[in-house]
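Residue numbers (our numbering): 531 to 849.
Spelled out as structure tokens, the structure:
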């Protein structure tokens with residue numbers, strides 16, 4: 531058995547993002563809360579299944595360390611911790627607050643520690659600029675901001691503020707580096723092109739984290755996040771022909787959490803400002819992202835059933 535690619539953890543992460551969108555819709559009385567709960571359960575099953583399969587595929591003691599240090603695949607392994615954090619906030623905290631708080635605290639601390647390890651590794655390791663891709667946002671930017679929202683959801687206000695700073699500063703630094711690499715560096719390899727969708731996520735996740743920590747109100751900083759987020763969303767329009775030429779691969783799950791985060795941020799704006807027809811627009815957003823993620827999930831299931839989801843293992847080297 532070959533080691534499973536770490537980007538498979540994008541599957542539970544995407545389902546967690548969809549669960550979070552429907553959970554917020556439930557909080558705003560736009561949908562039954564059971565929808566978000568069911569999606570969180572589905573995400574938890576996917577996370578457990580992939581985690582066990584990945585662990586079983588590690589045939590050598592050094593394989594995990596090699597994956598963590600890998601300049602391309604390494605950042606995706608942070609989703610082993612980040613995905614369950616989102617699932618806990620969505621599916622556990624509302625029903626079992628004490629258990630949810632304990633799990634959020636443990637996962638948030640683990641995410642911070644792992645993010646520190648990644649940062650030290652990136653400082654030390656000889657990473658080439660061409661190896662950078664938007665997946666580098668995951669360990670510290672996504673991890674820090676989502677942990678901030680999680681800590682706020684269980685009443686850990688000061689911890690949440692610290693984590694918000696952790697995520698925002700990492701976004702400022704990594705966002706500049708990664709966008710600069712994309713603008714002036716060589717094109718991303720074809721298998722990594724779907725990760726361009728991750729560019730829409732930081733502003734949306736920052737919006738959710740900030741609102742969770744500071745309260746449901748649109749202030750100038752939230753508007754600043756929206757401005758940059760709008761730019762990144764519009765940039766994706768130019769990339770649609772690029773995405774349309776790609777063959778399906780597990781990396782398509784990069785679209786899922788990214789757009790679920792954008793939709794959730796949009797739901798916050800609509801629910802707070804309540805413009806004319808805001809409920810109808812909320813349903814349009816929810817329907818669109820659910821169809822997108824449902825289509826990717828269906829295509830994943832078809833590819834898995836045909837044995838086409840993972841690349842074929844390399845033939846053994848002759849002695």
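All C-beta atoms, glycine included, are put in the ideal place defined by N, C-alpha and C.
Check                                                                                                     : Outcome
DSSP-derived helix/strand/coil call for residue 838                                                       : coil
From 600, 602, 839 and 564, residue whose alpha carbon lies closest to that of residue 625                : 564
Any alpha helix (DSSP H) of 4 or more consecutive residues that is wholly inside the segment 551–608      : 563–587 and 593–599
Counted within 10 angstroms of its Cβ, other Cβ atoms place residue 729 as buried (16 or more) or exposed : buried
C-beta contact flag for residue 667 and residue 732 at 8 Å                                                : yes
Alpha helix (DSSP H) segment containing residue 788, residue limits                                       : 784–803
Straight-line gap, residue 646 to residue 811 (C-alpha atoms, nearest Å)                                  : 40 Å
Residue 853 burial status per 10 Å Cβ neighbour count (16 or more: buried)                                : Nothing in the structure corresponds to residue 853, since the chain is present only between 531 and 849.
Cβ contact check for the segment 790–801 and the segment 813–820: 3 or more pairs under 8 Å               : yes
As assigned by DSSP and simplified to three states, the class of residue 749                              : coil
Residue burial classification, residue 828 (beta-carbon count within 10 angstroms, cutoff 16)             : exposed
Boundaries of the alpha helix (DSSP H) in which residue 653 is found, first to last residue               : 627–654
Rounded C-alpha distance that separates residue 638 from residue 696                                      : 12 Å
Beta-carbon proximity list for residue 561, same chain, < 8 Å, skipping 5 on both sides                   : 552, 555 and 816
Own chain, CB closer than 6 Å to residue 594, minus 5 neighbours either side, in chain order              : 588
Three-pair Cβ contact test at 8 Å for the segment 714–729 versus the segment 744–758                      : no
Close beta carbons around residue 570, own chain, < 6 Å, minus the five adjacent residues each side       : 549, 617, 620 and 621
Alpha-carbon to alpha-carbon, residue 734 and residue 835                                                 : 34 Å
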